[in-house]
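The structure appears below as C-alpha cells.
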Amino acid sequence: MIIRFTLNNEEKTVDVPATKRVIDLLREDFDLLRNKVSCYQGACGSCSILLDNCIVSSCSILAFELKGRTVVTAEGFMKTEEYQRINHIFQKNQYDPCDFCRWGKIFAIHEFIHSEEHIDSDSLTRALKGNQCNCSSPTLLLSVAEQIVKAEKKINTGRKHERTARK
Ligand code: FES
Ligand code: FES
Numbered sequence: 003m004i005i006r007f008t009l010n011n012e013e014k015t016v017d018v019p020a021t022k023r024v025i026d027l028l029r030e031d032f033d034l035l036r037n038k039v040s041c042y043q044g045a046c047g048s049c050s051i052l053l054d055n056c057i058v059s060s061c062s063i064l065a066f067e068l069k070g071r072t073v074v075t076a077e078g079f080m081k082t083e084e085y086q087r088i089n090h091i092f093q094k095n096q097y098d099p100c101d102f103c104r105w106g107k108i109f110a111i112h113e114f115i116h117s118e119e120h121i122d123s124d125s126l127t128r129a130l131k132g133n134q135c136n137c138s139s140p141t142l143l144l145s146v147a148e149q150i151v152k153a154e155k156k157i158n159t160g161r162k163h164e165r166t167a168r169k
C-alpha cells in the first residue's frame with residue numbers, strides 16, 4: 003500500500019506491506035535508529051514517537067496507519083529549540099538516560115507541557131509511567147521533569163501574552 007505522511011517535517015511517500023510496524027518502517031526504511039525496540043509489545047516506551055503531537059508506541063501501530071499523519075522521531079525532535087532547553091536541564095542536573103528510555107521520557111514531558119494537567123508529582127508520575135528504566139533514578143527524573151515543565155509553561159504563557167498584546 004502506498005502512503006504519504008510527514009516525517010520530521012518532510013513529506014514522504016512509501017510503499018508499505020500491510021503488516022509492517024511503524025518502528026520497523028522508521029528504522030529499516032528511513033535509517034532512524036535512535037528510537038529503540040525492546041519489548042515490541044507496547045509496554046516499555048523505548049519505541050516512543052510523536053504522532054500528530056501525541057506520544058505513541060511505534061511498535062503498536064501499523065505503518066499504513068500513518069497515511070496523512072505527522073510523525074516526529076527522536077532525530078526530528080532533537081532539532082527543536084524545546085529539545086535544546088530540555089537537554090540543558092537534563093545536563094544541569096547530570097541526568098543522562100540512555101536511548102532506551104530517553105525518548106519516551108522526553109516525549110511524555112513534551113506532551114505534559116502542552117496539556118492542561120496540573121503540575122504535581124502525582125500527575126507527572128502518571129505521565130511518565132509508561133517508560134521502563136532500571137538504570138536511572140526515578141526521583142531525579144521527577145525533579146528534572148518538574149523543572150522542565152515549569153520552565154516551558156512559563157515560556158508558553160509569555161508567548162501567549164505577547165500575542166495578545168500585539169492584537
Ligand atoms: S518496543 Fe515498543 S513499547 Fe516496547
Ligand atoms: S533504560 Fe537506560 S537509562 Fe533508562
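Numbering-wise, the working numbering comes out as the position in the sequence shown, counting from 1, plus 2. Even glycine gets a Cβ: it sits at the ideal position worked out from N, Cα and C.
Residue burial classification, H163 (beta-carbon count within 10 angstroms, cutoff 16): exposed
Q43 CB to nearest heavy atom of ligand 1 below 7 Å: Q43 Cβ: within cutoff of ligand 1.
DSSP state of L126 mapped onto helix, strand, coil: helix
Cβ pair G1, A110 closer than 8 Å: This structure cannot settle anything about residue 1, because the visible part of the chain is limited to 3 through 169.
Separation of F7 from G70, as counted between CA atoms: Looking at the backbone, the Cα of G70 and that of F7 are separated by about 5 Å.
According to DSSP, residues forming a beta bridge with K14: F7
Any non-hydrogen atom of ligand 1 within 7 Å of C49 CB: yes
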